[in-house]
Amino acid sequence: MHSRREVRERVLQALYAYEVGHDTAEHVIDTVLRPALKDDREALRFATQLFLRTINYSEEADRLIADHVKNWDLTRIALIDRLLLRMAICELLAFEDIPPKVSINEAIELAKKYSTEKSGQFVNGVLDAVVLDLQRQGRLKKSGRGLIGMETLLQRLAEQQSSKS
Numbered sequence: 001m002h003s004r005r006e007v008r009e010r011v012l013q014a015l016y017a018y019e020v021g022h023d024t025a026e027h028v029i030d031t032v033l034r035p036a037l038k039d040d041r042e043a044l045r046f047a048t049q050l051f052l053r054t055i056n057y058s059e060e061a062d063r064l065i066a067d068h069v070k071n072w073d074l075t076r077i078a079l080i081d082r083l084l085l086r087m088a089i090c091e092l093l094a095f096e097d098i099p100p101k102v103s104i105n106e107a108i109e110l111a112k113k114y115s116t117e118k119s120g121q122f123v124n125g126v127l128d129a130v131v132l133d134l135q136r137q138g139r140l141k142k143s144g145r146g147l148i149g150m151e152t153l154l155q156r157l158a159e160q161q162s163s164k165s
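full-length UniProt numbering applies: residue 1 is where the sequence shown begins, and numbers increase by one.
In structure tokens, the structure reads:
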């Protein structure tokens with residue numbers, strides 16, 4: 001049984017291979033995800049969904065990222081950070097059962113492990129702003145367990161944003 005974090009690590013590797021290698025999504029699934037997760041059907045299903053949906057949401061995710069990194073060209077953001085932001089934004093938009101704070105925390109932890117020294121803070125700041133933006137637009141549709149503290153989280157994020165202004 002693989003943890004969701006392990007699955008996200010594999011999806012990050014798959015996204016990197018897809019971005020850098022310019023292979024088809026099917027080839028990346030067959031060479032990166034399937035061999036690593038073949039013994040865990042549920043993990044492979046989640047990984048495949050997250051990988052494909054992240055690719056599908058990448059343009060929208062890039063627009064959301066660009067909206068919250070003023071005076072930065074998207075290509076100047078470290079590739080790993082960009083991929084983690086895309087994956088977390090995909091989770092926010094397309095996985096109703098995953099609480100926003102889980103998506104944010106997972107992206108932060110993976111950024112700390114796989115990217116630069118300041119990537120955790122950077123990813124956190126961008127995702128906090130994106131969550132607030134999506135909430136204001138009424139696009140953050142979440143359901144299920146673990147979502148009790150969402151209003152508190154959103155209020156805390158709003159307070160942080162206003163104190164930065």
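Quick reminder that beta carbons are idealized off the backbone N, C-alpha and C, glycines included. Since we're looking at a predicted model, the values are computed, not measured.
Beta-carbon contacts of residue i that lie in its chain and below 8 Å, excluding the five residues immediately before and after
i     : result
Leu44 : Leu33, Arg34, Leu37 and Lys38
Tyr57 : Arg86, Ile89, Cys90, Leu93 and Ala94
Ala14 : Val28, Ile29, Val32, Leu33, Ala47 and Phe51
Ile55 : Leu15, Tyr18 and Ala25
Val69 : Ile77 and Val126
Arg5  : Glu106, Glu109 and Leu110
Own chain, CB closer than 6 Å to residue i, minus 5 neighbours either side, in chain order
i      : result
Ser119 : Asp81 and Ala111
Gln49  : none
Leu140 : Leu134
Arg114 : According to the sequence as given, residue 114 is Tyr; it is not Arg. Answer for Tyr114: Ile80, listed in chain order.
Asp23  : none
Short CB-CB distance (under 7 Å) between residue i and chain C
i      : result
Lys118 : Among the chains in the structure shown there is no chain C, since it carries only a single protein chain.
Rounded Cβ spacing between residue i and residue j (contact assumed at less than 8 Å)
i      : j      : result
Thr116 : Ala78  : 6 Å
Arg8   : Glu106 : 6 Å
Leu127 : Ile98  : Actually they do not touch by this definition, with Cβ atoms about 13 Å apart.
Proximity of residue i and residue j at Cβ, strictly below 7 Å
i     : j     : result
Val20 : Leu64 : no
Asp62 : Met1  : no
Contacts around residue i, its chain only, beta-carbon distance under 7 Å, and the 5 residues preceding and following it disregarded
i      : result
Ile108 : Gly120, Val123 and Asn124
Arg53  : Cys90 and Ala94
Arg145 : Confidence in Arg145 is poor, its pLDDT being 47 and thus under 50, which makes the residue's placement too unreliable to answer from.
Exercise. For the region 113-132 and the region 77-90, state whether three or more C-beta atom pairs, one from each stretch, are separated by less than 8 Å.
Key: Output reads yes: the region 77-90 touches the region 113-132.
Point to revise | Ranges of the alpha helix (DSSP H) found wholly within the region 35-79, counting only runs of at least 4 | key: Counting only runs of 4 or more, we get 41-56 and 58-67.
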